[in-house]
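Under our numbering, the letters of the sequence shown match residues 4 to 309, in that order.
To start, the structure itself, in structure tokens.
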Amino acid sequence: MTGISEWPIVVTNRCADACAEAFGLAGREQARAWLHTVVSENGEVTDRLPVPVAGRRSPSGYFVVVEDMLVLPLAADRDGHAQWIATNCVAFPRPHRRDGDTGQVDPFRLTGWDLLNQVNVLPHAVERFQQRGGGHPAAERARQELLDMIAPTVRAARRPPAWCGTRPADFYLVAGTGDEFCLPCRPGSGGRAFDVITCIHRAGNLFTLNPTQLAGRCQLDPTALPPDSREARLITGAFHFSGRLSWHKPRWATSHAEAKWWIVFHNRLAVPVAWQPEVEATPLLILDLADHRPLLIRLLSRLRRS
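The following block contains the structure:
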């Protein structure tokens, strides 16, 4: 017979909504899926709560505890099934300094890794970095990539950058060239002083454009790619079929010193691009053409255009 510690956990809508609010997730269903993963990997059913969350109550007297992260009060199933009903989600409270100072951590006195060591990057922030910041598909690896990327320049600011229209937060992490990254923060959970709610990049919307829209935000470097050149015509034609903006250079392409990102096409064509955020209409400057199509295809293409 399965013991109560092994019963499955049913996450109610109220619990999922509370989790989404506490951990910055993008809605009920994402929160429910995230909770199932976290609980299955690190959760423990217990009737004794750790000191930071002592005094909480549950209908059954039992809780799921994920140490230093969250508590789920549990109720018995009304129909008598061998399963727990999670009625709420409570994040662990924000810690104080561990060096004996009872005051709270002041993010404005910290920079770099000293600051990042005080933050917990919430799943929604990692997801946004994966979508618009080139983060790895694996969440934990993407989280580390984000931290490594912003660590050299990150600092706390009381207001978001002028370009960023995000909702109010306790403060903001800003990083990168011209403060291109903005990460709103709030009081923390998961054993850290602060939570990073989401990850916003100044050019994030460019990574959501379809090929036609993307072409409209680009201009060709007139020196490297004159308008009447074969390369310019090839690039213009490629946008009719494909084209996506990427943080990562294709493995087969040669590096370009001035490239910020790459536009990659389906037919083994790619272009390195510089980013000019001050040029609002066409912020992407195409610097060159990387043509890695088979030799025969390239020869036939030249013959057609000759």
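Beta carbons are placed, not taken as given, at the ideal position from N, Cα and C, and that holds for glycine.
Bear in mind that the values here come from a model prediction, so they are computed numbers and not experimental data.
Could you tell me whether the segment 32-47 touches the segment 140-160, where touching means 3 or more Cβ pairs closer than 8 Å? no
N-terminal and C-terminal residue of the beta strand (DSSP E) that Trp278 is part of: In the sequence shown, residue 278 corresponds to position 275, counting from 1. Unbroken beta strand (DSSP E) run through Trp278: 272-278.
According to the Cβ coordinates, are Ile3 and Ala89 closer than 8 Å? A question about residue 3 goes unanswered here, because the residues of the chain that appear run from 4 up to 309.
For Pro76 versus Asn91, is the C-beta distance shorter than 8 Å? Counting from 1 along the sequence shown, the entry for residue 76 is found at position 73. Counting from 1 along the sequence shown, the entry for residue 91 is found at position 88. Cβ atoms of Pro76 and Asn91: closer than 8 Å.
For Ala178, which residues in the same chain have their Cβ closer than 7 Å to its Cβ, ignoring the five residues on either side in sequence? Translated into positions along the sequence shown, residue 178 becomes position 175. Within the same chain, Ala178 has close Cβ partners Ile153, Thr156, Val157, Phe184.
Relative to the C-alpha of Thr201, which candidate in Ser8, Ala23, His139 has its C-alpha closest? Within the sequence shown, numbered from 1, the residue matching residue 201 stands at position 198. For the residues Ser8, Ala23, His139, the minimum Cα distance to Thr201 belongs to Ala23.
Within the present structure, is the beta-carbon of Trp10 separated from the nearest heavy atom of the ligand GTP by less than 7 Å? Annotation note on the ligand GTP: not contained in the displayed structure, which lists no ligands.
Indicate the three-state DSSP secondary structure (helix, strand or coil) for Arg100 in the structure shown. Sequence index remark: in the sequence shown, residue 100 carries index 97 (1-based). In this prediction, Arg100 scores a pLDDT of 43, lower than 50, which makes its location untrustworthy; no coordinate-derived value is stated.
If you check the beta carbons only, do Asp291 and Leu272 fall under 8 Å apart? Taking the sequence shown and counting its residues from 1, one reaches residue 291 at position 288. Taking the sequence shown and counting its residues from 1, one reaches residue 272 at position 269. In this structure, Leu272 does not lie closer than 8 Å to Asp291 by Cβ.
Of the residues Ala262, Val274, Gln216, Ala260, the one placed nearest Ala235, counting alpha carbons only: Start at 1 with the first residue of the sequence shown, and residue 235 comes out as number 232. Nearest of Ala262, Val274, Gln216, Ala260 to Ala235, Cα basis: Val274.
Quick check: the Cα distance between Gln222 and Thr285, rounded to an integer number of angstroms? Here residue 222 refers to the residue found at position 219 when the sequence shown is read from its first residue. Here residue 285 refers to the residue found at position 282 when the sequence shown is read from its first residue. Going by the C-alpha atoms only, they are around 6 Å apart.
In chain order, what residues of the same chain have a beta carbon less than 8 Å from the beta carbon of Ala25, not counting five sequence neighbours either side? Taking the first residue of the sequence shown as 1, we reach residue 25 at position 22. For Ala25, where only same-chain residues beyond five positions count, the Cβ hits under 8 Å are Leu73, Cys92, Val93, Ala94, Ser192.
Could you check what DSSP says for Asp109 in three-state terms: helix, strand or coil? Translated into positions along the sequence shown, residue 109 becomes position 106. Three-state DSSP puts Asp109 in coil, outside helix and strand.
Please list, in chain order, all residues of the same chain as Arg101 whose beta carbon is under 8 Å from its beta carbon, the five residues on each side excluded. Locating residue 101 in the sequence shown gives position 98, where the first residue counts as 1. Residue placement at Arg101 is flagged as unreliable, the pLDDT there being 44, under the threshold of 50; the coordinate-derived value follows with that caveat. So the list is empty, once near-sequence residues are dropped.
Would you mind stating whether Ala218 and Gly246 have Cβ atoms separated by less than 8 Å? Your numbering for residue 218 matches position 215 in the sequence shown. Your numbering for residue 246 matches position 243 in the sequence shown. Yes.
Using only alpha-carbon positions, find the residue among Gly83, Pro163, Asn208 that is nearest to Gly181. Working through the sequence shown from its first residue, we reach residue 181 at position 178. Taking only the C-alpha atoms, the option nearest Gly181 is Pro163.
If you run the structure through DSSP and keep just helix, strand and coil, what is Pro76? As a first step, residue 76 must be located in the sequence shown, where it is residue number 73. Correct three-state label for Pro76: strand.
Under the three-state DSSP convention, the category Gln222 falls into: Within the sequence shown, numbered from 1, the residue matching residue 222 stands at position 219. Strand.
Give the single residue among Ala160, Asp198, Pro297 whose Cα lies nearest to the Cα of Asn348. A query on residue 348 cannot be resolved here, the shown segment of the chain reaching from 4 to 309 and no further.
Hey, would you say Gly194 sits closer than 8 Å to Leu125, going by beta carbons? One-based indexing of the sequence shown puts residue 194 at position 191. One-based indexing of the sequence shown puts residue 125 at position 122. No. Outside cutoff.
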